[in-house]
Amino acid sequence: MNRVDDSMPGDALEHALDRALERHLVAPSLPAGFRQQLQAAIIRDGARDPVALSAALEREHAAQLAALQSDYVRLRQRTLGTLIGGAFAAGLLVNFALPWISAHYGPNGVFALPAIGAAVGLGLCARVWWRRSGLARLLP
Amino acid sequence: MQQSARPDGIPPDQDIVELLRGGAVETAFERLVGRYEHKVYRLCCSVLRDPDQAQDAAQESLLRVWKALPRYDQRASLSTWIYTITRNRCLTAIERRRIQESLSDPAVELEVESVQAGAPERDADQAAILRGLVAELPERHRTVLTLYYFEERDVSEVAQMLGAPEGTIKTNLHRARELLLERLHALGLADPAQWLERLS
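If you read the sequences in order, they're chains A and B.
Under my numbering, the residues of the first sequence are numbered 16 to 155, in order.
Under my numbering, the residues of the second sequence are numbered 16 to 215, in order.
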């Protein structure tokens, strides 16, 4: 800090002036409630400032987009898990079912299971197609 | 103008800058306000000479600081940056005042009239005379002189607040005192030194 050295008054009159000024030019104190008013001004300004509003909306949009992406990834993982789990379960079932079918229905009986599966699959596809096509609404 | 480093070598306001780097803008601003609100208000008072206008200008300056704080790039020291914003805000206020009002200042005129009426004896009147003489000084001399006493004679702080070299501040201080002494002599006082001593 550079306190006054060469700017100090020299003679008695200047000393007297310096002391008088020091006494009468007193630093004003901060008005009461200055900080609260500043806080209020910041809140008011933030509420009406288009730049701040735009930034807030962008932040909100980014957060929603991140949440959607997170849900989408979770859904894909769940679907993949279901498919893999289903395939393993079907394999296990076939592993136990084939010897039993062969024993009861003969060697050609093994074709019955895939045939039944294919028939059920085709039936489900046809039902879905029927509903989606809107033909069902045309019927009385 | 760069603010000098502290004796421990750490640049001033480094804590606030670190907070800003970490994205803690609100905490940084809170600390900044605690450190600078008085100085900003005193700078506004010395430039504008009106407590209400100074309060408005200080509030608006700090509001601008708040809005610009995330974009503070450290090209200047934090204090220099804050004082620059404050000075610009004060200049805008002065310009607005010039447009809205006439150039006459009733408060100053009253004090100047009392000076011209003669040399009163009471201390309160003498203080008013002294303040009137200060108010009559040219703007740059008055601002420097006022801020110098507000900041407890810290020339480097005044220089930083006004964005001027220390040499210029000292020259302005010297000239302001010379002008005050000339005007004291012009009052026709028998003993100006004694008159001032009664004030101090």
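Cβ coordinates follow ideal geometry from the N, Cα and C atoms, glycine included.
| message | So A/Ile57 contacts chain D; which residues on that side make the cut at Cβ distance below 7 Å? | response | The structure shown contains no chain D; its protein chains are A and B.
| Three-pair Cβ contact test at 8 Å for the segment 39 to 47 of chain A versus the segment 162 to 180 of chain B | yes
| request: Answer yes or no: does any C-beta atom of chain B fall closer than 9 Å to that of A/Ala31? | output: yes
| query | Under a Cβ-count criterion, where at least 16 other Cβ atoms within 10 Å of its own Cβ denotes burial, should A/Asn110 be classed as buried or exposed? | reply | exposed
| query | So the alpha helix (DSSP H) A/Phe126 belongs to, where does it begin and stop? | reply | Element bounds for A/Phe126: n/a, residue is neither H nor E.
| field | CA nearest to the CA of B/Leu47, picked from B/Val80, B/Gln68, B/Pro66 | value | B/Val80
| query | Within the chosen definition, does the segment 92 to 109 of chain B reach the segment 186 to 200 of chain B through at least 3 CB pairs nearer than 8 Å? | reply | no
| How close, in whole Å, do the beta carbons of B/Val170 and B/Asn187 come, if the pair is a contact with beta carbons under 8 Å? | Contact doesn't hold; Cβ gap of about 10 Å is too wide.
| request: Within 10 angstroms of the Cβ of A/Val66, are there 16 or more other Cβ atoms? Answer buried if so, exposed if not. | output: exposed
| field | Buried or exposed (CB count within 10 angstroms, at least 16 for buried), A/Asp33 | value | buried
| message | Can you tell me whether B/Asp169 is helix, strand or coil according to DSSP? | response | strand
| How do the segment 145 to 156 of chain B and the segment 36 to 54 of chain B stand: do at least 3 beta-carbon pairs fall below 8 Å, yes or no? | no
| Is the segment 27 to 35 of chain B close to the segment 57 to 73 of chain B, with three or more CB pairs under 8 Å? | no
| field | Closer than 9 Å to chain A by CB, B/Ala39 | value | no
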